[in-house]
Amino acid sequence: MVRFSTRTFLLEHLQFFTSLVKFMRNPCVDAGLIPPLVQLLNCKDQEVLLQTGRALGNICYDSHEGRNAVDHAGGAHIVVDHLRSLCSKTDPASEKLLTVFCGMLMNYSNENDTLQSQLINMGVIPTLVKLLGIHCQNAALTEMCLVAFGNLAELESSKEQFAYTNIAEELVKLFKKQIEHDKKEMIFEVLAPLAENDVIKLQLVEAGLVECLLEIVQKTVDSDKEDDIAELKTASDLMVLLLLGDESMQKLFEGGKGSVFQRVLSWIPSNSHQLQLAGALAIANFARNDGNCIHMVDNGIVQKLMDLLDRHVEDGNVTVQHAALSALRNLAIPVVNKAKMLSAGVAEAVLKFLRSEMPPVQFKLLGTLRMLIDAQAEAAEQLGKNVKLVERLVEWCEAKDHAGVMGESNRLLSALIRHSKSKDVIRTIVQSGGIKHLVTMATSEHVIMQNEALVALALIAALELVTAEKDLENAQLVQILHRLLSDDRSAPEIKYNSMVLICALIGSEPLQKEVQSMAFLEVISKLRSHENKTVAQQASLTEQRLAVES
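With the UniProt record's numbering, the residue at position 83 of the sequence shown is 83, and numbering never jumps.
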């Protein structure tokens, strides 16, 4: 035991030191005062521990040098051990000490991934979660735990540890007790990063967080108070995040009959842009498997989304447009939904946004149309003859600043040809200057896009070669095909479709001359021994055809 006079002297000096380091952190570190201070953490006297914890917390506050010094002296390890041993003690003195130690660890690891990882590896997370459960009546300690969680929850390794605790249950229990906006906001700041983990998503759903969120939405939706508007946004955004997990989403969908699903549906016709956005994003998240999509289309969701889009055509909210188009795109994926959505007028509703200058809206618009026309010949022909649409696609094919829009425009151009197999569509695309983009698409780094381009070009060559001849020549298609066939890295389907296209192109005199001038026979004869039998067979057929034409 420390003698009383020595203890009093020590405490006085510790209190002085605690106030001093606020202004002189680096000099204290340079003077070597940290190791002896850390040694005082081994003392049994609670008041000494309290003052030492405060001093170390001040040293670590916003100081890289202070944190390093505490780290090298082993201070964090000792404090974590204290937290474990004191965790279950609920007397005021122990709770005060626990609060100081949590604060010290918060300052120690704040915005420092290395030190946060160190604390996680020391196993601090289960201890902090236990602390929260035992001391939930102590506001100061609870607050420190929440701030510590907020520090640690951003790291992926922490989420795995959190998933093995009952953090979801504790946070939801704590959340239900809160009345003040600031306290709810603190819990939200921990929930958001934790809810990125699929296991924790499900735990939060099972702990009843969704019901809390829906209650907040109901209470704040008509309010114009700043705090309420912020709470509405946070709650609805978190709801959408919970639906990103497959298990949590399916649990809340409940075969389309779940009360949560029904409540979310009611957000779409709301007058709140935030709820419209969250509702549309929630539908997009529910629409992640065919069963859910089919159920939703059969139960009138499409009309709700089209009505929402209709409200945002003129000077509309871009995020709502993007979300509603995302939902429609996902719903259009199952084969059985396409014809139903087309007959409901989805293509026409989407085309109203063709004038949009916002890349995220353009991207989703293109993806939705591409999904809708997949294997729908009539719709593909109708859209492919729409000059305004095709001209816009050709324009977007040059959107080099927006790779997604450029890629989707190329893919839709190709899809219009592949699914319609229509001469009128091909003529419209030729007249609008689309051929050069399809030829460029054949050189894409993505095999699927290369393949789609080659199949579309083969259809052009088979159905409207004379119309497209000049454009194909100017775009140097023959040289590109020679390069694709010569390149050992080209996928088998690329080689196969390139040879099919060569056979179609020799029906044009100028293109045939180009083929003959480039020694294709030499390249193709090598492909007869290709390991892929389909490629080898097509090489034999192509070689025969070229030999006959030469």
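By construction, the Cβ of each residue, glycine as well, lies at the ideal position given by its N, Cα and C atoms.
Asked: By how many angstroms is the C-alpha of D113 removed from the C-alpha of S248?; Found: 29 Å
Asked: Between the region 276-288 and the region 239-256, do at least 3 Cβ pairs fall closer than 8 Å?; Found: yes
Asked: Checking 8 Å against the spacing of the C-beta atoms, do V100 and L146 come in under that value?; Found: no
Asked: Label G57 either buried or exposed according to how many other C-beta atoms from any shown protein chain fall within 10 Å of its C-beta, with 16 as the threshold for buried.; Found: buried
Asked: In chain order, what residues of the same chain have a beta carbon less than 6 Å from the beta carbon of A453, not counting five sequence neighbours either side?; Found: S414, L438, M441, A442
Asked: For the ligand ADP, any of its heavy atoms closer than 7 Å to the Cβ of E395?; Found: This structure simply doesn't include the ligand ADP, nor any ligand for that matter.
Asked: Quick one: is L541 buried, meaning 16 or more other Cβ sit within 10 Å of its Cβ, or exposed?; Found: exposed
Asked: Leaving out five residues before and five after S508 in sequence, what residues of the same chain have Cβ atoms less than 6 Å from its Cβ?; Found: L465, E469
Asked: Reducing DSSP to helix, strand and coil, say where D290 ends up.; Found: helix
Asked: Identify whether I435 lies in helix, strand or coil by the three-state DSSP scheme.; Found: helix
Asked: With C-beta atoms as the reference, is I120 less than 8 Å away from S157?; Found: yes
Asked: Apply the 10 Å Cβ neighbour rule to E231 and answer buried if 16 or more other Cβ atoms are within range, or exposed otherwise.; Found: buried
Asked: What number of angstroms, rounded off, separates the C-alpha of S409 from the C-alpha of G367?; Found: 9 Å
Asked: For V221, which of helix, strand or coil comes out of DSSP?; Found: coil
Asked: Going along the chain, which residues of its own chain have a beta-carbon closer than 8 Å to the beta-carbon of L97, five neighbours each way excluded?; Found: Q46, L49, L50, G53, H82, L86
Asked: Using a 10 Å radius around the Cβ and a threshold of 16 neighbouring Cβ atoms, would you call A332 buried or exposed?; Found: buried
Asked: Suppose only complete runs of 4+ residues qualify. What are the alpha helix (DSSP H) ranges in the region 274-347, listed by chain order?; Found: 290-298, 301-310, 318-331, 335-343
Asked: Given I200, which residues of its chain have a CB within under 8 Å of its CB, disregarding the five upstream and five downstream residues?; Found: K159, F162, A163, I167, A168, L194
Asked: On the three-pair Cβ rule with 8 Å, is the region 214-233 touching the region 250-257?; Found: no
Asked: Let me know if A349 comes out buried or exposed under the rule of 16 or more other beta-carbons within 10 Å of its beta-carbon.; Found: buried
Asked: Have a look at D290 and P334 and give me their C-alpha separation to the nearest angstrom.; Found: 6 Å
Asked: Within its chain, find whatever has a CB closer than 6 Å to the CB of S109; leave out the 5 residues flanking it on each side and keep chain order.; Found: L115, Q116, L119, N151
Asked: Starting from the Cα of R489, find the closest Cα among V478, V447, A504 and give me that residue.; Found: V447
Asked: Using 8 Å as the threshold, is the C-beta distance between Q431 and W396 below it?; Found: no
Asked: CA-CA distance, C102 and L132?; Found: 11 Å
Asked: Would you be able to state if there are at least three C-beta pairs under 8 Å between the region 120-129 and the region 54-73?; Found: no
Asked: Which one of Y61, C60, Q137 has the shortest CA to CA distance from L95?; Found: Per the sequence shown, the amino acid found at residue 95 is Glu instead of Leu. With distances taken between Cα atoms, E95 lies closest to Q137.
Asked: Relative to the C-alpha of A207, which residue among E180, E170, D198 is closest?; Found: E170
Asked: Report the three-state DSSP secondary structure of G208 (helix, strand or coil).; Found: coil
Asked: State the DSSP-derived secondary structure class of W267, mapped to helix, strand or coil.; Found: coil
Asked: What span of residues does the alpha helix (DSSP H) with A456 cover, start to end?; Found: 447-463
Asked: Since Y496 is in the alpha helix (DSSP H), which residue starts that stretch and which ends it?; Found: 492-505
Asked: Indicate whether L202 and G258 have their beta-carbon atoms separated by less than 8 Å.; Found: no
Asked: Based on Cα-Cα distance, which residue from P360, T319, Q321, A379 lies nearest to A344?; Found: A379
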